[in-house]
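Asks: Have a look at the structure that comes next, please.
Numbering (the UniProt record's numbering), first residue to last: 1 to 303.
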């Protein structure tokens, strides 16, 4: 009875010893007498005690490896300080455990070396402006190199690129000068547009003024033409009357010209005193002729 109880207790101890739980996100490599046999997946796994043992506990989750700051000389001999991070995930636990002795150190050194190679082949301006290009090149190179280790490099990111202080100051001055240049160009373009609009406005104004003067000249010419026609018509009527032997018409014509001549003397700006080289009786006679002409015209209208 005691022997059977001892066997039961021994079997329970053996069973507890043989059952090995594996946490989620990990994979255990199982070794038999020091040689890899298989990989234990998350959950409860049976391992033969004494014969088998857990070799490596491999993290199968995506991990982040910090790349310490590095001083790199660019293609144009500028010293820059660079640091970054690498995201990777183990896909094959056995290869990650037995193909490389220290996986984390190997990935870090591999990334650092290729970071120097990639950035050393670029100018300083390219390293500052083409960070995505650097990340893409590093991802391809490092992923290809770590593929035999059962590792997948998911991302490589440059966290910071720090040029020397004197170069940073020079870049700040360059950026300020570039912005001032753009501001001056925009201001000059604005002034140019303003001058063009002002010139266009003046041009339109001159065109409208010229059209106005043209219209006014046309109206004045038309008025003078009508006035000349009226005067020619009146002269023709007087001439016809004179040709018909009407003495009153002659007196009217002479009186009209006489009055016009006197009015021109009166309106002259340089005339202070007007001397008439005629007698007053002549002017009265002329005015009388005008009166007789007017009475004759009224009598004809009444008859």
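Even for Gly, the Cβ is constructed at its ideal location relative to N, Cα and C.
Starting from residue 119, follow the alpha helix (DSSP H) in both directions and report where the run begins and ends.
Replies: 103 to 120
Asks: Figure out for me which residue from 213, 194, 150, 121 has the closest Cα to the Cα of residue 60.
Replies: 150
Asks: Taking only the alpha-carbon atoms, compute the straight-line gap between residue 104 and residue 152 and give it to the nearest angstrom.
Replies: 13 Å
Asks: Who are the near neighbours of residue 69 in its chain, counting only those whose CB is closer than 6 Å to its CB and skipping five residues on each side?
Replies: 81, 83
Asks: Assign residue 137 to buried or exposed, taking buried as 16 or more other Cβ atoms, counted over all protein chains shown, within 10 Å of its Cβ.
Replies: It is buried - the Cβ of residue 137 has at least 16 other Cβ atoms within 10 Å.
Asks: If distances are taken between C-alpha atoms only, which option among 78, 204, 46, 28 comes closest to residue 55?
Replies: 28
Asks: For residue 161 and residue 113, which I take to be in contact (beta-carbon distance under 8 Å), what is that distance rounded to the nearest angstrom?
Replies: Contact doesn't hold; Cβ gap of about 18 Å is too wide.
Asks: What are the boundary residues of the beta strand (DSSP E) that includes residue 45?
Replies: 43 to 46
Asks: When the distance is taken between beta carbons, is residue 26 closer than 9 Å to residue 58?
Replies: yes
Asks: Would you call the CB atoms of residue 47 and residue 39 closer than 9 Å?
Replies: no
Asks: Using 10 angstroms around the beta-carbon of residue 122, count the other beta-carbons present and answer buried if the total reaches 16, otherwise exposed.
Replies: buried
Asks: If we count the other Cβ atoms within 10 Å of its Cβ and call it buried at 16 or more, is residue 119 buried or exposed?
Replies: buried
Asks: Hey, quick one: how far does the beta strand (DSSP E) through residue 31 stretch, first residue to last?
Replies: 26 to 32
Asks: Which residue marks the beginning of the alpha helix (DSSP H) containing residue 140, and which one marks its end?
Replies: Per DSSP, the continuous alpha helix (DSSP H) segment holding residue 140 begins and ends at 131 to 146.
Asks: Assign residue 81 to one of three DSSP states: helix, strand, or coil.
Replies: strand
Asks: When you compare each of 78, 85, 12, 145 to residue 99 by their alpha carbons, which one comes out closest?
Replies: 145
Asks: For residue 219, which residues does DSSP report across the bridge?
Replies: In the DSSP output, where bridge partners are listed per residue, residue 219 has none listed.
Asks: How many Å lie between residue 11 and residue 4 at the Cα?
Replies: 10 Å
Asks: Alpha carbon to alpha carbon, what distance is there between residue 195 and residue 189?
Replies: 10 Å
Asks: From the DSSP output, in three-state form, read off residue 100 for me.
Replies: coil
Asks: For residue 381 and residue 220, I'd like the C-alpha separation in whole angstroms.
Replies: There is simply no residue 381 to check, as the chain begins at 1 and stops at 303 in what is shown.
Asks: What first and last residue would you give for the alpha helix (DSSP H) that runs through residue 51?
Replies: For residue 51, no alpha helix (DSSP H) run applies, since DSSP gives it neither H nor E.
Asks: Hey, quick one: how far does the alpha helix (DSSP H) through residue 7 stretch, first residue to last?
Replies: 2 to 18
Asks: Around the Cβ of residue 124, are there at least 16 other Cβ atoms within 10 angstroms (buried) or fewer (exposed)?
Replies: Classification for residue 124: buried.
Asks: Which first and last residues belong to the beta strand (DSSP E) in which residue 150 is found?
Replies: Premise fails: residue 150 is in no beta strand (DSSP E) and is neither H nor E.
Asks: What separation, rounded to the nearest whole angstrom, lies between the Cα atoms of residue 132 and residue 173?
Replies: 25 Å
Asks: Name the residue from 115, 198, 7 whose alpha carbon lies nearest to the alpha carbon of residue 159.
Replies: 115
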